[in-house]
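Here is the structure we will look at, set down as structure tokens.
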Amino acid sequence: MQKAGEVPQSQTKQPKVVPSGRLELTIKINELPTTRTVKNGWQEFEVDCDGTIFTITVKPKVWKKLTTADDTYPMWVAAIGGKLGAKTNKGFVLDTPGIQVYEKKPKAPQEAPASQPQEAPASQPQEAPASN
Numbered sequence: 001m002q003k004a005g006e007v008p009q010s011q012t013k014q015p016k017v018v019p020s021g022r023l024e025l026t027i028k029i030n031e032l033p034t035t036r037t038v039k040n041g042w043q044e045f046e047v048d049c050d051g052t053i054f055t056i057t058v059k060p061k062v063w064k065k066l067t068t069a070d071d072t073y074p075m076w077v078a079a080i081g082g083k084l085g086a087k088t089n090k091g092f093v094l095d096t097p098g099i100q101v102y103e104k105k106p107k108a109p110q111e112a113p114a115s116q117p118q119e120a121p122a123s124q125p126q127e128a129p130a131s132n
């Protein structure tokens with residue numbers, strides 16, 4: 001039995017469990033950044049994302065994807081995905097970057113709308129069914 005002023009056990013506050021999550025970033029670029037070569041031929045470059053500078057270091061094979069796209073396609077976009085890394089003086093490091101490059105096709109010019117709607121072609125008159 002419950003005494004007056006006592007809170008039932010089912011109503012006592014349980015400690016909240018905070019689920020763990022993972023923060024992943026995707027940075028999109030459409031021009032080849034200026035790089036500097038670091039250890040073992042890896043390329044390091046910076047990308048300005050709305051005033052926050054992200055430092056990205058990639059393997060030579062991954063860097064080749066960008067240079068190949070720049071040589072092959074007249075327009076392209078690269079999605080650089082990774083995890084938020086350590087804070088730097090200018091911004092952050094992008095850890096474990098991966099790059100996907102896509103050819104960007106120019107949009108076809110839209111036709112100007114006609115001032116008058118086009119009329120449907122006249123249909124041939126159909127014969128009325130014979131009545132019995």
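For what it's worth, the UniProt record's numbering labels the leading residue of the sequence shown as 1, then goes sequentially. Where a beta carbon is used, it is the ideal one built from N, C-alpha and C, also for glycine. Predicted, not measured: the structure shown is a model, and the values here were computed from it.
Looking at the DSSP output, Lys87 sits in a beta bridge with Phe92.
Ala79 sits exposed, since fewer than 16 C-beta atoms from the chains shown fall within 10 Å of its C-beta. The residues Trp42, Glu44, in chain order, have a CB closer than 6 Å to that of Thr57 in the same chain once the five nearest residues on each side in sequence are set aside.
Counting every other CB atom within 10 Å of its CB across the protein chains shown gives Val18 a total below 16, marking it as exposed. Between Leu23 and the set Lys59, Pro106, Gly85, Gln100, the nearest pair of CA atoms involves Gly85. For the options Met75, Asn40, Thr96, the alpha carbon positioned closest to that of Leu25 is the one of Thr96.
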